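**Q** This is the structure, below, for whatever I ask next.
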Amino acid sequence: MITVLSFGFKYGIPVDSDLVFDVRFIPNPFYIPELKPFSGSDEPVRKYVLDQEETKGFVKRADDMLDFLIPNYKKEGKRQLIISVGCTGGRHRSVAIANEIYKKLLERNYNASVEHRDIVEDVHQGAKKL
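Residues in the sequence shown are numbered consecutively from 1, following the UniProt record's numbering.
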């Protein structure tokens with residue numbers, strides 16, 4: 001089973017992660033007023049993130065790397081793989097990219113799921129930021 005997990009670095013890296021991808025280098029839709037209220041699962045943000053040249057290059061390279069790694073993890077007997085994708089708040093970029101990685105895994109017939117730990121804007125309200 002492969003889990004693709006989006007998260008926000010400001011809330012900490014998920015402790016059970018096997019692979020961690022940092023996508024904070026991609027332009028942030030948080031700073032575009034009309035995109036800020038949406039998440040990476042909403043079409044306007046998804047399109048904005050996936051249309052970035054940086055994203056296209058990253059997704060291709062991540063896909064190639066996973067194409068190499070997953071069969072080797074399986075060969076070594078690893079039954080679960082958690083691929084964590086993080087941006088600053090875990091609401092925009094990481095969500096869109098985690099969904100895209102998940103989609104590519106399904107296209108290859110992997111048993112996969114996707115989760116978004118920090119997608120709710122106020123999920124950590126009152127919590128201490130790291």
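Note that the Cβ used here is the ideal one computed from N, Cα and C, for glycine as well. Values in this document were obtained by computation on a predicted structure and should not be read as measured data.
Closest by CA to aspartate 16, which one among Ser6, Glu76, Pro71, Arg24?
**A** Comparing Cα positions, the closest option is Ser6.
**Q** Please report the Cβ distance between glycine 57 and serine 94, rounded to the nearest whole angstrom; I am assuming they are in contact, meaning their Cβ atoms lie under 8 angstroms.
**A** Contact doesn't hold; Cβ gap of about 17 angstroms is too wide.
**Q** Measure the C-alpha to C-alpha separation of phenylalanine 68 and arginine 24 and round it to an integer number of angstroms.
**A** Looking at the two C-alpha atoms, the distance is approximately 24 angstroms.
**Q** For isoleucine 26 and glutamate 54, which I take to be in contact (beta-carbon distance under 8 angstroms), what is that distance rounded to the nearest angstrom?
**A** Yes, isoleucine 26 and glutamate 54 are in contact; Cβ-Cβ is about 5 angstroms, under 8 angstroms.
**Q** Within 10 Å of its beta-carbon, does glycine 89 have 16 or more other beta-carbons around it, so buried, or fewer, so exposed?
**A** The residue in question, glycine 89, is buried, as its Cβ has 16 or more Cβ neighbours within 10 Å.
**Q** Under 8 angstroms: do the stretch 96–114 and the stretch 40–50 share three or more Cβ pairs, one atom per stretch?
**A** Touching, per the Cβ criterion.
**Q** Starting from aspartate 22, follow the beta strand (DSSP E) in both directions and report where the run begins and ends.
**A** Start and end: 19–22.
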